[in-house]
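**Student:**
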Amino acid sequence: MVQLYDTKIVDCILHFVGNKSQDVDYKASTSEIPLDEDLNFVLTNYFFKSFVKKEDYYSFYHDSDLAMNEIFVYASHIFDSRSNFVEESKGILKHLYNSTTHPKIKTGELYIAYFTDCLMDGQYIDAIGIFKSEHKDTFIKITEHGASYGIESQRGININKLDKGCIIYNTQRESGYVVSVVDNSNFGEAKYWTNDFLHVKSLNDSYNQTQGIIKLSKSFIQTLPTDSVSEKAVLINRTLQTLVNNKVSLKEISDKVFETSEQKNDFLQYSKHYQKEHDVNFEDDFVPSPSVIKKKKSELKRITTIHLDDNFDICIRGCEGFFEQGYDTLRGQKFYKLYFDKEK
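According to my numbering, the residues represented by the sequence shown are 26 to 369, in order.
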């Protein structure tokens, strides 16, 4: 995870980006924004607040040649020489404008900033930020007039809400840099920021490997020929328990999660099709991300919770062997029998 406590802005420019499909043009600034200490602090917090807890990273790519990815090229020119900052920022503006072809994409302000002292993996590196604000909020301003006060209504940008942004860290250049992305897209925008403008793909790191394995396992388990929620919940929990280990492989998951040879082989075959379809590559041995496992345990409660009519919910947290399912012929109803040591 990147630490940004010492980070500061050394270059910043503001442009306006319109919408090509609406014939609203862009407006390019010719000079940087002068920054005093207070404004530097405010903007740094505005730009970085949405990135502080993000652990999923991306890299630039192009189907033919990385050198044909426009944002990769502009960023590289700026990293090579900050004297190129203003002109290269105009190139970024024009590329975003040309990517803004959907009529529902909002116009807005485009900020491009150069940062120093971003701490990543124990090393201080520089970074380039590209941010877009699309929404205006209403604020009230208190004014003083002698012995009385007044209130004015104003429109402005809420510095606690970043609509879209990316931070390009000056590391791993040969493979497309390390990029963090915020994309609060509106319905109908079709992810133009991530796909068309930045053209990035997920890094094949521990975080994304773990997320991908959990998605794969969940997808496969949902295809199994059983309507029993408890059986699927047990398999999901086995998957999460297996990922707690230091190193994991698909083979190990298949062996520890599934009981029959048929299910184990089906899972491995399914994983091959899944990787091809989703353009991912799961390593033979990878170290799972604890933060992803913790997050997914909460998200997967819907699958690992058994809803019984409108009366009871049973949340299964790896309690395999401590519950039984049956049918009471006298009552004509199904039942679950749970074993436990004490109530909490």
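Just so you know, even glycine gets a beta-carbon here, dropped at the ideal spot from N, CA and C.
What first and last residue would you give for the beta strand (DSSP E) that runs through Lys189?
**Tutor:** Within the sequence shown, numbered from 1, the residue matching residue 189 stands at position 164. Counting along the chain, the beta strand (DSSP E) containing Lys189 begins and ends at 189-194.
**Student:** Any idea what DSSP makes of Glu159, helix, strand or coil?
**Tutor:** As a working mapping, residue 159 is identified with position 134 in the sequence shown. Glu159 falls in the coil class under three-state DSSP.
**Student:** From this set, Leu268, Glu287, Asp252, Val225, which residue's C-alpha is nearest Gln236's C-alpha?
**Tutor:** Taking the first residue of the sequence shown as position 1, residue 236 is located at position 211. Closest option to Gln236, Cα to Cα, is Leu268.
**Student:** Around the C-beta of Ala258, are 16 or more other C-beta atoms found within 10 angstroms, so that it is buried, or is it exposed?
**Tutor:** Indexing the sequence shown from 1 puts residue 258 at position 233. Result: buried.
**Student:** In three-state terms, what does DSSP make of Ser227?
**Tutor:** The residue given as residue 227 occupies position 202 in the sequence shown. Ser227 falls in the strand class under three-state DSSP.
**Student:** Can you check whether the CB of Ala152 is closer than 8 Å to the CB of His192?
**Tutor:** Start at 1 with the first residue of the sequence shown, and residue 192 comes out as number 167. Start at 1 with the first residue of the sequence shown, and residue 152 comes out as number 127. According to the sequence shown, residue 192 is Ile rather than His. Cβ atoms of Ile192 and Ala152: closer than 8 Å.
**Student:** Excluding sequence positions up to five away, which residues of its chain have a Cβ less than 8 Å from the Cβ of Lys157?
**Tutor:** The residue you call residue 157 lines up with position 132 of the sequence shown. Within the same chain, Lys157 has close Cβ partners Val42, Leu121, Gly133, Glu134, Leu135, Tyr136, Asp188, Lys189, Gly190, Trp218.
**Student:** Among Asp208, Asn229, His160, which has the Cα closest to the Cα of Asp310?
**Tutor:** In the sequence shown, the residue the question calls residue 310 occupies position 285. Of the candidates Asp208, Asn229, His160, the one whose C-alpha sits nearest the C-alpha of Asp310 is Asn229.
**Student:** Say whether the stretch 56-76 touches the stretch 91-104, bearing in mind that this needs 3 or more beta-carbon pairs closer than 8 Å, one atom from each stretch.
**Tutor:** No, they do not touch.
**Student:** Buried or exposed for Val77, please, with buried defined as at least 16 other CB atoms from any protein chain shown within 10 angstroms of its CB.
**Tutor:** Walking along the sequence shown from the start, residue 77 turns up at place 52. Under this definition Val77 is an exposed residue.
**Student:** Could you tell me the alpha carbon to alpha carbon distance between Phe365 and Phe348, rounded to whole angstroms?
**Tutor:** Locating residue 365 in the sequence shown gives position 340, where the first residue counts as 1. Locating residue 348 in the sequence shown gives position 323, where the first residue counts as 1. Answer to the nearest angstrom: the Cα atoms are 9 Å apart.
**Student:** Would you check if the stretch 241-255 and the stretch 292-310 touch, i.e. whether three or more CB-CB distances between them fall below 8 Å?
**Tutor:** Short answer: they touch.
**Student:** Let's test the definition: count the other Cβ atoms within 10 Å of the Cβ of Arg263 and tell me whether it reaches 16, buried, or not, exposed.
**Tutor:** Translated into positions along the sequence shown, residue 263 becomes position 238. Buried is the call here.
**Student:** What would DSSP say about Arg107, mapped onto helix, strand or coil?
**Tutor:** For this step, residue 107 is matched to residue 82 along the sequence shown. If DSSP states are grouped into helix, strand and coil, Arg107 belongs with the helices.
**Student:** Please confirm if the stretch 31-51 is in contact with the stretch 158-171, defined as three or more CB-CB distances below 8 Å between the two stretches.
**Tutor:** The stretch 31-51 is not in contact with the stretch 158-171.
**Student:** Is the Cβ-Cβ distance between Tyr202 and Ser84 less than 8 Å?
**Tutor:** Counted from its first residue, the sequence shown places residue 202 at position 177. Counted from its first residue, the sequence shown places residue 84 at position 59. Yes.
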